[in-house]
Every structure is written in C-alpha cells, then in structure tokens.
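K.L.:
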Amino acid sequence: MDSINYLNTIENLCVENGKLQAIIESSTNGIIEVNAAGDILKSNPAFYHMVNISPVDDIVYNLGKLLHSEDLKGELSKLLTGGEDILIKGFHLPILRGKKEEMHYLEIKFSRVPVMNQDFIIGIVKDKSDIMRALSNREEYISTLLNMIHELRIDNRDSIYHIASLVELRDHTTGKHLERVESYTKKLAQEYMLTFGDRDPRLNETFVDDMAVSSILHDIGKVAISDMILQKPDKLSISEFESIKEHTIIAGEALKEYKGRKDFLAMGREIATYHHEKWDGTGYPTGKAGTDIPLSARIVALCDTYDALVSERPYKVAYSHEKAIEIIREESGISFDPEIVELFLKINGDFLKIREYYDDDS
Ligand SMILES: [Fe+2]
Ligand SMILES: [Fe+2]
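First residue of the sequence shown: 14, per the numbering used here; consecutive thereafter.
Written as structure tokens, this is what we have:
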C-alpha cells in the first residue's frame, strides 16, 4: 500500500470510529463495557443519566453488588468463552433525584462482541420503569378482572362482555364492537376449521368457541393506558403511540400465568399480545411474521380491523363494506395472512350480515 492510500485508509477509519462514537454517545439506552470480573470499564452518557451518577462517582451500591456477584461473574466468564447472551430483567435500582428516591427498573443485556482478535462484553441497559410502574398500578385491577372473567365464563357470558367493555368504553368504542368481533371471529374460525381442519386435530368446535370468546379480551391491556392518550381526539404523537403499543405487552404480562395452558385465557393471552402483529413482520410488539404469529391472533386481527374500518371513529368516517373489502384485499400478505383473507373474501356476506344485525350508533 502506498503512503497516500495508507493515509486515506487511516482517515476513513478515524471517520468511521468518530461516527460510531457519536452513535454511542447519543444513544438513549445505556451502553457499558464490563470485564469478566464485573467491573465497568467504559460507559456512555445515557448510562450515567440513568443511574444518576457522574463518571467520577463510585458505582451505585446495589448495581455494583449485582455486577460483582459470584453468579454473574461466572456467567460473564462463560459468555466470553462462547456462552449465550445474559438478560437480567426488572433489576430494581433506587435512584436519588434531588431529595426524592425513585425506584427504577432496569433491564441489562450482556453480549459478547468480537473486535479484531479480541472479545469484549458489552451491556445494553434499558430503563423499563414506566411500563413496570403502569403494571404494578394496574396489575391488581387486571388480575381481578381476569379472575372474574374466568369464573364467569361458563355461567354468564354477558358479564364477560360487561367487564371487557369497560376498556372499550374508555377507548371511544362501544360494547357492540366486542360482540361484533366475537361474531366475526366465530364465523372466520369456523370457516378455517372447515377448510384446514385436517392440518391439526386441535382445530375443532371447542377451539372455535374458545377463540370467539377470548377475542373480546384483545384490548384488555388498555386498562393500563392513560385516558388522556386513549381519548385524545387528535393525532397521537410518536411517544403517545409508543405508549398505546404497550397495551399488547401489558396484557401479555398480566396473563402470563396462562401461557401454554389449555385454557381460553391462554388463547386470550395470545390474542391480546399479538393482535397488532403483521404478516410481513412490520407489526408490534415483537415483529413476528407469517405463521409465527399465533393463528388466533391472525384471525382476530382481521376481524378487529374490519370492524374498525366499517365503524365511525373520532379520527375517521365509517367506510362501506365494499371499501373495507378492498382495503383488506390490498393488505393480503402485508398485514394479513393471505389464506385468512381468502376465507374472509369467501364469507364476506356473513360479515355484512353481522354488521347489519348490530347496526347501531357505534
Ligand atoms: Fe389493540
Ligand atoms: Fe378492538
């Protein structure tokens, strides 16, 4: 390499290094480098802001205790020799802001990062306090509601609607939205069972009934979202929209004990968590795509969207049935499972009948 080329390469490396540095410095997540003994070697400004200490201070006592615990040291050593990433969730850290002590909930993920011939341990630190606070305030409320729903399921279906509609009423829709979504879900799930029933023995009448009943829980996580955001008539800001998105995670957390169980609330959890995922992977909260999204959530997503399209909302007029069909057809393979769109197109007359049956002011 001649000297001019050599200098150019060095200059390019310096520019790249500067850019990387700027990204790290401006990140809102804390970024730290630790060694296998749990000592923090380097960190970015967001980390210092998060734990409210200046770079010259000693590390906050219990964070230091966590980082220097024998367990973590063992994990960090394993990580350096090819072990899996380490995720520490909901780590409680009391932080003094002025005279007030706030309890913060941090999440730290340690990964091994190879650079040239050396391996480093980098930790990404996220402050999850807001969502954890929302959960602890509302968790009791949600679990009371869910227990009531669970108890009432067999005896009194109307009561389930009344409980679940507490959420929908705050969200500018009416209880009829839930009844319609349940009816659409039942029709579409039945059609799915008739068409693809031989794929899986679980696709039976009970499955269809469970899916229809649990569809009414799709937005139950909104109990933890503030009225100011839910009822805002104007367009939401980016951060307000981010808050709304949390309703899926909150429901998933509140219903986590039902995960994997053969229970209609297990399906309720799937639907409440994944009903905003999209077939192409651009939805939220996880960005799951295709058949990784649970079938129940794929079916309810279409039913919920159809009802939103043909209903008036504070931000839109009610579209005609034909216009809703057109939009859903265009979203086949983008937002929705193409097979489910095909089934919807086949039985769209039933959707119209259900819409007309519940024709009301909603
Ligand atoms: Fe939702
Ligand atoms: Fe909905």
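C-beta: ideal position from N, C-alpha, C; glycine also.
Rank Ile284, Tyr332 and Ser309 by C-alpha distance to the C-alpha of Val221 and give the top, closest one.
P.N.:
Residue numbering aside, residue 221 sits at position 208 when the sequence shown is read from its first letter. Nearest option by C-alpha distance: Ser309.
K.L.:
Going by other Cβ atoms of all chains shown within 10 Å of its Cβ, with 16 needed for buried, is Ile367 buried or exposed?
P.N.:
Walking along the sequence shown from the start, residue 367 turns up at place 354. It counts as buried.
K.L.:
Phe364 by DSSP, collapsed to three states: which one?
P.N.:
Working through the sequence shown from its first residue, we reach residue 364 at position 351. Reduced to three states, the DSSP call for Phe364 is helix.
K.L.:
Quick check on DSSP: helix, strand or coil for Glu38?
P.N.:
Looking up residue 38 in the sequence shown gives position 25. Helix.
K.L.:
Using C-beta distances below 7 Å, list every residue in its chain close to Glu325, excluding the 5 sequence neighbours before and after it, in chain order.
P.N.:
Along the sequence shown, read from residue 1 onward, the residue named residue 325 stands at position 312. Only Ala331 meet the Cβ criterion.
K.L.:
DSSP on Lys3, reduced to helix/strand/coil?
P.N.:
One cannot answer for residue 3 here, as it falls past the ends of the chain, which runs 14 to 375.
K.L.:
Of the residues Lys139, Met206 and Asp240, which one's Cα is nearest the Cα of Lys122?
P.N.:
As a working note, residue 122 is residue 109 in the sequence shown. Of the listed residues, the one whose Cα sits closest to Lys122 is Lys139.
K.L.:
Taking 7 Å as the cut-off, is the beta-carbon of His190 closer than that to any non-hydrogen atom of ligand 1?
P.N.:
Counted from its first residue, the sequence shown places residue 190 at position 177. No, Cβ of His190 sits at least 7 Å from all heavy atoms of ligand 1.
K.L.:
So, under 8 Å CB-CB, Phe209 and Leu201 are touching, yes? Tell me the CB distance rounded to an integer number of Å.
P.N.:
The sequence position of residue 209 within the sequence shown is 196, counting from 1. The sequence position of residue 201 within the sequence shown is 188, counting from 1. Contact doesn't hold; Cβ gap of about 12 Å is too wide.
K.L.:
Under 7 Å from any heavy atom of ligand 1, does the C-beta of Asp232 make it?
P.N.:
Numbered from 1 along the sequence shown, position 219 holds the residue referred to as residue 232. Because some heavy atom of ligand 1 lies under 7 Å away, the Cβ of Asp232 counts as near it: yes.
K.L.:
Tell me which residues share the same chain as Asp98 and place their Cβ nearer than 7 Å to its Cβ, disregarding the 5 neighbours each side in the sequence.
P.N.:
Locating residue 98 in the sequence shown gives position 85, counting from the first residue. The residues are Lys122, Phe123 and Ser124.
K.L.:
Using only the alpha-carbon positions, how far apart do Pro127 and Asp213 sit?
P.N.:
The sequence position of residue 127 within the sequence shown is 114, counting from 1. The sequence position of residue 213 within the sequence shown is 200, counting from 1. Computed Cα separation, rounded: 44 Å.
K.L.:
Taking the beta carbon of Asp320 as the centre, do at least 16 other beta carbons fall within 10 Å, making it buried, or is it exposed?
P.N.:
Along the sequence shown, read from residue 1 onward, the residue named residue 320 stands at position 307. With 16 or more Cβ atoms within 10 Å of its Cβ, Asp320 is classed as buried.
K.L.:
Have a look at Ile257 and Gly265 and give me their C-alpha separation to the nearest angstrom.
P.N.:
Residue mapping note: residue 257 aligns to position 244 of the sequence shown, counting from 1. Residue mapping note: residue 265 aligns to position 252 of the sequence shown, counting from 1. Looking at the two C-alpha atoms, the distance is approximately 14 Å.
K.L.:
Kindly list the residues whose CB is nearer than 8 Å to the CB of Lys269, restricted to its own chain and excluding five residues on each side of it in sequence; keep chain order.
P.N.:
Working through the sequence shown from its first residue, we reach residue 269 at position 256. Answer for Lys269: Arg282, listed in chain order.
K.L.:
Is His62 buried or exposed, if buried means 16 or more other CB atoms sit within 10 Å of its CB?
P.N.:
Stepping through the sequence shown from its first residue, residue 62 is reached at position 49. Classification of His62: exposed, given that the 10 Å Cβ count is below 16.
K.L.:
Taking the straight line between their C-alpha atoms, what separation do you get for Ile306 and Tyr297?
P.N.:
Position 293 of the sequence shown, counting from 1, holds the residue named residue 306. Position 284 of the sequence shown, counting from 1, holds the residue named residue 297. Cα to Cα, Ile306 sits roughly 11 Å from Tyr297.
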